[in-house]
Amino acid sequence: MIVDPELAFSGSKGPAYNLVMTTVDEFNAIMQSMYDRGYVMVTMHDMCTFDDQGNRIDHKIMLPPGKKAFVLSQDDVNYYHYQDGDGLATKLIIDQNGKVKNEYIDRDGNTLVGDYDVVPIVDSFVEKHPDFSYKGHKGILALTGYNGALGYRTDSVYADRNDPNLDPDQIEFLDRTPDFDYEKECQQAKKVADALKATGWEFASHTWGHHSVPSLSVEKLKVDSEKWKNYVEAIVGPTDMMLFPNGSDFSELGNYDESNGHYAYLTGMGFRMFCTVDSAQCWIQKGDQYFRMGRRNLDGYRMYHDPELLTDLFDPKAVLDPKRPTPVPTMQEVYG
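Convert by adding 271 to the 1-based position in the sequence shown; the result is the number in this note's numbering.
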């Protein structure tokens, strides 16, 4: 979530931020519009859960007439090093009142605490409008692990300043934080994760390394998944949800089956719920032992280039931040 659009969009990463991110003002307008139109946040687990043998158990969502269920999710709630100084929040923290808020460092170097990303913005909105949340449920936070979790540097490389796998950003971070304590960092991250779960948020895997799952061999997927389990699940707890990086599913539409090595491995790891990104209005698929759902990206690209795909939720033209440079670039222009 972009807090300072002028700062974020003016730097070298500005075109990429313009393409794939949303500003705080846009998100506030989106949320208000969806509330006014009768949308209510639910979780995928309100639709179904799975027993110890992996068999699907269906549930009913009971809403008043005129209300419509939707699932909110946010990818990459990690606060990566590359975002430092670009007008985005730096981590999630527990404030003096026991609430989960963001730490944000403004362009003048001041450290602020408040509603600077999806979690605290939604929490504050639900405090005012409790009927926006079904049974107190909030959204799904999808995490990678290579820079840690929730803004905390919890991956194993941070534990050893001489680790040969440290990248330049990680080395720079450790050099400017000589008092960094890896164990305390992990403990604080766990406290934040526990507070999030207690207030209706859920966690999902976004793979440890933000990999396109179908591009990985099953063996490389195993290596990545073990890292996620050891260094992210250790912080946030177990989950049965995977939100695919880049929305890239390991199988074409159709039924998953055990002959697919990726599916067999991931379900063996306990994953049962899988989400793509395709911007279709709404679709789900229920298998005997899995649940599959599409998602829509509410970012600069989608709002500018395909507004007609979002008009059931809000008016993209009215929501688009005037501080966002237009035309919004395309994927080809940014990534080649």
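Virtual Cβ for every residue (Gly too), placed ideally from N, Cα, C. Quick caveat: nothing in here was measured; it's all calculated off a predicted structure.
Given a threshold of 16 other Cβ atoms within 10 Å of its Cβ, counted over all protein chains shown, does residue i qualify as buried or as exposed?
{"i": "I364", "result": "buried"}
{"i": "N326", "result": "exposed"}
{"i": "N418", "result": "buried"}
{"i": "V507", "result": "buried"}
{"i": "Y502", "result": "buried"}
{"i": "T232", "result": "Missing from the structure shown is residue 232; the chain here goes from 272 to 607 and no further."}
{"i": "P276", "result": "buried"}
{"i": "K455", "result": "exposed"}
{"i": "Q345", "result": "buried"}
{"i": "N436", "result": "exposed"}
Among the options, which has the Cα closest to the Cα of residue i?
{"i": "V393", "options": "L467, E443, P587 and K339", "result": "L467"}
{"i": "R447", "options": "L290, D528, P596 and H352", "result": "H352"}
{"i": "G558", "options": "F545, D570, Q552 and L412", "result": "F545"}
{"i": "N531", "options": "L492, P509, W499 and C553", "result": "L492"}
{"i": "R573", "options": "K284, N289 and F542", "result": "N289"}
{"i": "G525", "options": "W499, Y561, G541 and L569", "result": "Y561"}
{"i": "R432", "options": "G282, A420 and F451", "result": "F451"}
{"i": "Y350", "options": "T601, P578, Y375 and M318", "result": "Y375"}
{"i": "N517", "options": "H482, M272 and G541", "result": "H482"}
Under a CB-based cut-off of 8 Å, is residue i close to chain D?
{"i": "D426", "result": "No chain D is part of this structure, which consists of one protein chain only."}
Look at the Cβ atom of residue i, then the Cβ atom of residue j, and state whether they are nearer than 8 Å.
{"i": "M292", "j": "G571", "result": "yes"}
{"i": "H576", "j": "V548", "result": "no"}
{"i": "S550", "j": "R563", "result": "no"}
{"i": "A475", "j": "A535", "result": "no"}
{"i": "V484", "j": "V371", "result": "no"}
{"i": "G471", "j": "H408", "result": "yes"}
{"i": "I411", "j": "E504", "result": "no"}
{"i": "D296", "j": "D586", "result": "no"}
{"i": "L343", "j": "I273", "result": "no"}
Inset, instruction - Go through the segment 407-494 residue by residue and report every complete run of the alpha helix (DSSP H) that reaches 4 residues or more, in order. - result: 439-447 and 453-469
Inset, instruction - Within the segment 292-360, note down every full beta strand (DSSP E) run reaching 3 residues or more, in order along the chain. - result: 310-313, 319-321, 327-329, 339-342 and 344-346
Legend entry - Contained beta strand (DSSP E) runs [length at least 3] in the segment 537-600, N- to C-terminal order: 544-546, 555-558 and 561-564
Legend entry - Three-pair Cβ contact test at 8 Å for the segment 384-403 versus the segment 288-304: yes
Inset, instruction - Kindly provide the ranges of any beta strand (DSSP E) runs that are 3 or more residues long and lie completely inside the segment 366-391, ordered along the chain. - result: 371-376 and 382-385
Legend entry - the segment 418-430 in contact with the segment 337-344 per 3-pair CB rule at 8 Å: no
Inset, instruction - Indicate whether the contact test is met: 3 or more Cβ pairs, each with one atom in the segment 380-388 and one in the segment 354-368, closer than 8 Å. - result: yes
Inset, instruction - Starting from the N-terminal side, write out each stretch of the beta strand (DSSP E) that is 3 residues or longer and does not extend beyond the segment 492-536. - result: 512-514
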